[in-house]
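*Asks:* Sharing a structure, written as structure tokens. Questions coming.
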């Protein structure tokens, strides 16, 4: 009789252990799925959130201005070109997610009198500002997306 009581007790304990482990495994899977869903949503929100930046170019003898116009994607943005721009030049564009705000003015002046300043602002804050001068002046203003910058540790 004692032997059958021991076997019964052992069987009940084993069944309880199996049920507990199964419940723990299901809970772990539920937590993993929730974390995965939340991470996926955070990535989607980051990549699709829109923000505005303003590009500004000043100086003299600027031949062209290339800038990210918000089309394309973060890894392959579309650059639009303005030839012989009237200065000062200013343009506000809407970008998405981690797209890098980019404006690249350039000038060729054999007399060396080219002078360029470019600036990128977001919500009144200057993200980047650069100056260049000389016979061949290029002043690339490329900033980190404010959306991405807010996600960095």
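Residue numbers (this note's numbering): 226 to 378. For each residue, glycine too, the CB sits at the ideal point set by N, CA and C.
1) When the Cα atoms are used, what is the spatial distance from residue 328 to residue 348?
2) Assign residue 362 to one of two classes, buried (16 or more other C-beta atoms within 10 Å of its C-beta) or exposed (fewer than that).
3) Measuring only the C-alpha atoms, how far is residue 294 from residue 278?
4) When DSSP builds the beta bridges, which residues end up paired with residue 367?
5) Put residue 360 into one of helix, strand or coil per three-state DSSP.
6) For residue 274 and residue 317, I'd like the C-alpha separation in whole angstroms.
7) Assign residue 313 to buried or exposed, taking buried as 16 or more other Cβ atoms, counted over all protein chains shown, within 10 Å of its Cβ.
*Replies:* In short:
1) Distance between the alpha carbons of residue 328 and residue 348 is about 17 Å.
2) Within 10 angstroms of the beta-carbon of residue 362 lie 16 or more other beta-carbons, which makes it buried.
3) Each residue's alpha carbon lies about 10 Å from the other.
4) DSSP, once it has assigned bridges, lists 327 as partnering residue 367.
5) Correct three-state label for residue 360: coil.
6) Taking the straight line from one Cα to the other gives about 17 Å.
7) Exposed, since its Cβ has fewer than 16 Cβ neighbours within 10 Å.
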